[in-house]
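Chains as they are written, first to last, in the working numbering: chain X, 45 to 259; chain W, 45 to 259.
Ideal Cβ placement from N, Cα and C applies to all residues, glycine included.
Nothing here was measured: the structure is a model prediction, and the numbers come from that model.
To keep things clear, I will list the structure first and then write my remarks on it.
2 protein chains.
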Amino acid sequence: MTLTEENYLKALHRLSQSEEPITVKRIAMQLGIKMPTVTSMVRNLAAKKLIRYEKYKAIEMTEKGRRQALLILRKHRLTELFLKDVMGLGWEEVHDIAEQIEHIQSDRFFNRIDEMLGHPKFDPHGEPIPDANGKLPFFKAFPLSGCEAGKKYKLTGVLDHDGGFLTYLNTLGLTLGSSIEVIEVHGFDRSMEVLLNGKTRTVFSFIVCQHLLVI
Amino acid sequence: MTLTEENYLKALHRLSQSEEPITVKRIAMQLGIKMPTVTSMVRNLAAKKLIRYEKYKAIEMTEKGRRQALLILRKHRLTELFLKDVMGLGWEEVHDIAEQIEHIQSDRFFNRIDEMLGHPKFDPHGEPIPDANGKLPFFKAFPLSGCEAGKKYKLTGVLDHDGGFLTYLNTLGLTLGSSIEVIEVHGFDRSMEVLLNGKTRTVFSFIVCQHLLVI
DNA sequence: TTAAAAAGTTAGATTAATCTAACAAATTTA
DNA sequence: TAAATTTGTTAGATTAATCTAACTTTTTAA
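Below, the structure is given as structure tokens:
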């Protein structure tokens, strides 16, 4: 596959996540190119059985196409985590670099990254990381705000990457993988009494709970 | 610069290291492509002032072209070291991956690699690593076998990457950056009495000395 | 010193990815 | 439902990087 084809597959996969059908127009907007360019590329991708395409009809990904897209997504998400956790780069700068590294062809390289990160299942946005076969786990991380009192969860991601919020989590000793036990949920402001890592007891406002992704 | 242009510059730089003039034929062989392809590309590179080119004459790199080539070489060599020392991949497998990663566009990424490696000046083949401005140090590492008694050197690379040799160096506590003081050189077998890191005293055979690169 | 060989160039074709202009189909709306 | 709008396709051009075939220049060697 060429680099361009890989980028189309990624865009296609992203578009398939919404309810709207995948159209030539949407692909063109997603990639910032013109519609005729898309028309010719979808014919090419269809010839390679990566998508199903009929003139004037909505486009669908095939199982093969989805698998390829997820393998690229896996490389992208593992790379982002690696750049951040191993190389110490900031969240705001990792995306553009991962966008380039995701096209590197080397199983050894990405498997080693996966190992060094301890085979993570989610990226810090709470998005699941596809496995080496391009398969996704059935479940997805959800915000702590929807959780029940008396249950225990694991922090897998955050939805606010602002310095302030992350610093706040750090002072609580809360990192990816930490346990969060919900002791009580206060109805009046939807704040939560929580026990962190079985040690620290504190209160999370509803806003905070909305930004913490757990499984 | 396109990926292809970067690869031409790398090839050009490598060819410029030998005594032979740089010809269309040699470039074509180096890159495994046909001569007419090279002819058109050298016209392009000349238009960009990266090389000097006149029909039927030998090709020369300009200062600008050399600088670009060295910046790519810097990325390549830093990447190789990183893959090996930080990610634990083997010497035999790092080249192909570095060949791809050297084209990543991100100063942050490579500067961070440089930092994590402690700003290495040489790769383990004894080849100097160009600095962030595409400048090479004036000197190059040389084998210990040519060194004088009574002087102190720093280990910067090895020419034998066999497991056995490296294990031998490890048991002596010798790593990149270690100091080696030559106490005496025995004329009859050209072996050397040495003091390692100011502590361990031992004897290196001529063969060993030939495989240790120092400055 | 000229003929043969090697090296280099030109011309023209090909492929991937893009574009604009013009036309066609599908959808929305009056 | 017919006109207007939106969406999609075709046709043909462009650019980068490559090729083959044919021709030219330079070098080597008889």
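Across the structure, W:I77 and W:K108 are spaced so that their CA atoms are roughly 25 Å apart. Counting only Cβ-Cβ distances below 7 Å, W:I116 has no contacts in chain X at all, with the closest Cβ about 15 Å away. Note that the C-beta distance between W:Q254 and W:P187 is below 8 Å. At least 8 Å separates the CB of X:G207 from every CB of chain W. The continuous alpha helix (DSSP H) containing W:M160 extends over residues 151-160.
Non-local beta-carbon contacts of X:G134 in its own chain, meaning distances under 8 Å to residues more than five positions away in sequence, involve K128 in chain order.
Between X:A102 and X:T123, the CB-CB gap reaches or exceeds 8 Å.
Annotation: X:M105 to X:E237 spans about 44 Å, alpha carbon to alpha carbon. Nearest Cα to W:Q149 within the set W:S62, W:M45, W:H169: W:M45. Straight across, the Cα-Cα distance linking W:F250 with W:G208 is about 17 Å. In the DSSP assignment, W:V226 is bridged to W:V238. W:E107 is outside the set of residues whose beta carbon lies under 8 Å from a beta carbon in chain X. At a cut-off of 8 Å, the C-beta of W:E137 has a neighbouring C-beta in chain X. Your pair W:I259 and W:T211 does not check out as a contact, with CB atoms roughly 24 Å apart and the cut at 8 Å.
Closer than 8 Å to the CB of W:R156 there is at least one CB belonging to chain X. With respect to chain X, the C-beta atom of W:F248 has no partner C-beta closer than 8 Å. Listed in chain order, the non-local C-beta contacts of X:M160 below 8 Å within the same chain comprise F126, V130, local neighbours out to five positions each way being set aside. Membership of X:V247 in the beta strand (DSSP E) is indicated by the continuous run 244-248.
By the Cβ test, the stretch 189-204 of chain W is in contact with the stretch 213-229 of chain W, since at least three Cβ pairs between them sit closer than 8 Å. Annotation: the stretch 166-203 of chain W contains the following complete segments of the beta strand (DSSP E) (minimum length 3 residues), in chain order: 196-202. Distance between X:Q144 and W:D151, taken at the CA atoms: about 13 Å. The bridge partners DSSP lists for X:V258 are X:F186, X:L199. Taking the C-beta atoms as reference points, W:L53 is found no nearer than 8 Å to W:R70. Among the bridge pairs identified by DSSP, X:I66 is matched with X:I103.
In the three-state scheme derived from DSSP, where H, G and I count as helix and E and B as strand, W:I95 is classed as strand.
Apart from the 5 residues on each side of it in sequence, W:N241 sits with its Cβ closer than 7 Å to the Cβ of G217, S222, S223 in its chain, given in chain order.
Considering only X:V68, X:P174, X:R234, X:T215, the residue with the shortest C-alpha distance to X:S84 is X:V68.
In this structure, W:L115 keeps its C-beta atom at 8 Å or more from the C-beta atom of W:G190. Straight across, the Cα-Cα distance linking W:I157 with W:K119 is about 9 Å. At least 8 Å separates the CB of W:L161 from every CB of chain X. Closest by C-alpha distance to X:H139, out of W:F182, W:A72, W:F153, W:M79, is W:F153. Nearest CB-CB separation between X:M131 and chain W: below the 8 Å threshold. For X:I145, the uninterrupted alpha helix (DSSP H) segment begins and ends at 135-145. DSSP, reduced to helix, strand and coil, places X:T81 within a helical segment of the structure shown. Non-local beta-carbon contacts of X:H205 in its own chain, meaning distances under 6 Å to residues more than five positions away in sequence, involve W135 in chain order.
Counting only the Cα atoms, X:E64 lies some 39 Å from X:V247.
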